[in-house]
Structure formats: C-alpha cells, structure tokens
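See below for the structure under consideration.
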Amino acid sequence: MKKICLIAFLLCCVGVHAQQRMVVAKDGSGQYTTVQAAFDAIASGNTKPVTIFVKKGIYKERLVLDTRKDFIRLIGEDKMNTILTYDNHAGKKLPNGDTINTWSSASFFLYANDFYAENISFENNAGFTAGQAVAVFANGDRLSFNNCRFLGFQDVLFCSGAGSRQYYKDCYIEGSTDFIFGAATAVFQNCLIHSKKNSHVTAASTPREVPYGFVFFDCKLTADSAFKKVSLGRPWQPHASVTYIRCEIGDHIIPEGWNNWRNPANEATVRYAEYKNTGPGAQPASRPAWIKQLNDEEVKKYTLKNIFGDWKPL
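When the letters of the sequence shown are read in order and numbered with mature numbering (1 follows the signal peptide of the UniProt record, and there is no 0), they come out as residues -18 to -1, 1 to 296.
As structure tokens, then:
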C-alpha cells in the first residue's frame, strides 16, 4: 500500500513541469530525511507550486516555513502515521537563557502564504501540565488544511494574524484550554472538535474592523466522557467573533454555551452567534441574551465568498 501511494503521488505529478516535487522520508528513501530540510531547499521568493510528499513516520523537529516561501503543498502519506511534532511550551528555558512564551512555543511556524496541507498530523507533545504549547502558529494568508489532525492540550491551533484567511476541512482538532485561538478569519468545515478538559474551545481575538472571525460549519463537538463543563468560547479580545452553524454539540457544553472571560463588559462587544445546531449541548433557550441566534435570512451572509472575498480555498 505504501508503494502504491507513492507511485500514485509521482504519477499525478507527471507532465506538470512547472511544479517542483520533493519526497521526505526518515528511512532515507526520499530526497530529504527531515521536513525542515525540504523547507530550507525552497528558494526565497518562490512563485511556483512546490509539492512535498512526507512518508509515514514521527518527525520530531521545530518547523519554520518563512515568508516568501509561498505556494507549498505538504502532503502526508497517512494522517494517522505521518506526525510532525515537537515539545516546546511557554515557560521553558532555552540554553541561551531565553524563556519561551505562547507565541514562540509552536511546533510549526507557518509564515508563508498560499499553503496547503493534507493527510498530516501536527502535534505539540509537551503534555497536559506544560501550559501553553502551540502545535501550529498559522500566520500566513490563504492557508488550507484538508484531512489533517491538530494534537495537544492548551493553545493548540493559533490562527494568528488579523486579515489572515484560513480554511480547515475534514480535520480533527483536540485540546484542553482555548485550543483554537487568535485573530485570523478561519472557517472550519465538517471538522471534529474534541475537548480534553473542562475549559473553553475557542479564544478569538478578532479585531473590531474584521467582520468574520471563526466560523464552524457542520462540525461535531465532542469531549472525553469525564468533562461536562466546557464553553464554546471566551473572548481573548473584546470584539471576538465566533459562529457555529449546523454543528452537532455534545453534552459537555454548558447550557449557557459561552463565557465572558470574567468581564461582563465583553458581553456588549463580542460577536458570538449560533444557527440550527443540534445535540444535547445545543440549547438556544438557555443561552444568554448577548449570544445571537441567527435567523434564516441572517445566516445567508455566511458564505465562503463573503468570508474570504476573492480567495477560493482548496
């Protein structure tokens, strides 16, 4: 099966002369044995598609894809067994004496634009007690993730950058506290969102002038069976924007649904909304007045074209 996948990958690339192709394999059967080596081989200022196929394996490395290394397609052989991981976390001391913070704790720093990933797991394995430990710091524009996994505990997926547009389709995202957070405009389509602690799913910091923050379409929210006190989100910044549309919400979500981050003033400024969610955690009658329940006309504005403008993801 492994050989078939690789052959299929190579055949699909035949005839696409303008596209650079690389293979990463821990066993030495590719051009590179680390993902970072493949990233480093891409010319700064790249303007042509580059496809990097990553064979099965656990790649423990701190990854950085710099700005001006755009148009990269990172394709894993198998999302369950192609794992990019590292274990930095906030508060960890570096050999040079510096201390890591949330922003610098990521396993993968993604600064490039027009990036696409498929069939890969991104992980921070610092552990439950490590505090903030980001798996992916997504800071570029026009970023797409298809059939990927994001693994860790607190602050797993940092959707960073006001104006950054990000699209997550058929992904699995797990974490404990604020594990989807940041200022970006991000759409989650048909994703499984799994909570591993009584805490909060999102912590958006959407700027006031940005109309859309995090939008969840047709997602499923679950949790480990022990946890029954999880909120859909709390505002990292006062104008946080988060919307759940037609999602299946488990009984781990509290009846009031949301949290004001111990600041009642946030209730006047946040942009939290829901529409026709289902499941025991979807209780519109129990939500406070500051949570918008969209009607059939209002939900029509939530289209990929309105959210992303001229960008068509995937």
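Just so it is clear, CB atoms sit at the ideal spot from N, CA and C, and this is done for glycine as well.
On a predicted model such as this, the values are computed, not experimentally measured, just so you know.
Quickly, what does DSSP pair residue i with across the bridge? List them, please.
i, result
"Gln265", "Looking at the DSSP assignment, Gln265 forms no beta bridge with any residue, so it has no partner."
"Glu196", "The sequence given here has Phe at residue 196, not Glu. Paired residues: Ala168 and Val224."
"Val46", "Phe91"
"Ala105", "Here the sequence assigns Glu to residue 105, which means Ala is not the residue at that position. Looking at the DSSP assignment, Glu105 forms a beta bridge with Thr67 and Leu133."
"Glu280", "Looking at the DSSP assignment, Glu280 forms no beta bridge with any residue, so it has no partner."
"Gln148", "Leu125 and Ala168"
"Thr260", "Glu230"
"Ala247", "For Ala247, which the question treats as bridged, DSSP gives no partner whatsoever."
"Glu100", "Ile57 and Asn128"
"Ile175", "Ile155 and Leu203"
"Val118", "Phe90 and Leu139"
"Met4", "Ile34"
"Ser213", "His182"
"Ala255", "Thr225 and Lys274"
"Tyr163", "Note that residue 163 is Phe in the sequence shown, not Tyr. Looking at the DSSP assignment, Phe163 forms a beta bridge with Phe140 and Ala185."
"Thr81", "Lys75"
Since residue i contacts residue j with CB under 8 Å, what's their CB separation in whole angstroms?
i, j, result
"Gln148", "Gln114", "Rounded, the Cβ-Cβ distance is 20 Å, inconsistent with contact."
"Ile155", "Phe161", "7 Å"
"Thr159", "Ser181", "4 Å"
"Ser142", "Asn121", "4 Å"
"Val252", "Pro217", "5 Å"
"Val118", "Ser87", "Between Ser87 and Val118 the Cβ distance is about 11 Å, and since that is not below 8 Å, they are no contact."
"Cys229", "Asp200", "7 Å"
"Ile227", "Val281", "6 Å"
Taking the alpha carbon of residue i as the reference point, which residue from the options has its own alpha carbon closest?
i, options, result
"Val224", "Phe196, Ile54, Tyr98 and Arg190", "Phe196"
"Ser177", "Val5, Phe132 and Leu286", "Phe132"
"Phe91", "Arg253, Leu76 and Val46", "Val46"
"Glu191", "His221, Gly109, Ile289 and Ala99", "His221"
"Trp272", "Met4, Ala99, Pro246 and Thr260", "Pro246"
"Gln275", "Ala255, Pro262 and Trp293", "Ala255"
"Gly291", "Val169, Ala185, Ser181 and Gly215", "Val169"
"Asp60", "Val36, Lys75, Tyr41 and His71", "Val36"
"Ile102", "Ile175, Pro77 and Ile34", "Ile34"
"Gly145", "Glu105, Lys287, Thr167 and Glu43", "Thr167"
"His234", "Lys202, Ala250 and Thr15", "Lys202"
"Thr16", "Thr285, Ile40, Asp278 and Gln1", "Ile40"
"Lys8", "Asp48, Thr64 and Gln2", "Thr64"
"Gln219", "Gly239, Pro237, Ile231 and Ala250", "Ala250"
"Asp123", "Gln13, Ala165, Leu66 and Asp278", "Ala165"
"Val32", "Lys75, Trp85, Gly215 and Arg3", "Arg3"
"Trp293", "Asn172, Phe97, Ser213 and Phe140", "Phe97"
"residue 360", "Gly134, Pro189 and Thr188", "The question about residue 360 has no answer, for the chain in this structure spans -18 to 296."
"Asn106", "Ala112, Thr84 and Tyr68", "Tyr68"
"Thr188", "Lys179, Asn248 and Ser126", "Asn248"
Any chance the CB of residue i is under 6 Å from a heavy atom of the ligand SAH?
i, result
"Leu286", "Among the components of this structure there are no ligands whatsoever, and the ligand SAH is therefore not found."
- Inspect the CB distances between the segment 18 to 28 and the segment 44 to 57 and report whether three or more fall short of 8 Å. Counting Cβ pairs under 8 Å, three or more are found: they touch.
Which runs of the beta strand (DSSP E), 3 residues or longer, sit entirely within the segment 7 to 49?
Runs found: 32 to 36, 39 to 42 and 45 to 47.
Touch check for the segment 253 to 268 and the segment 81 to 98: three-plus C-beta pairs under 8 Å? Counting Cβ pairs under 8 Å, fewer than three are found: no touch.
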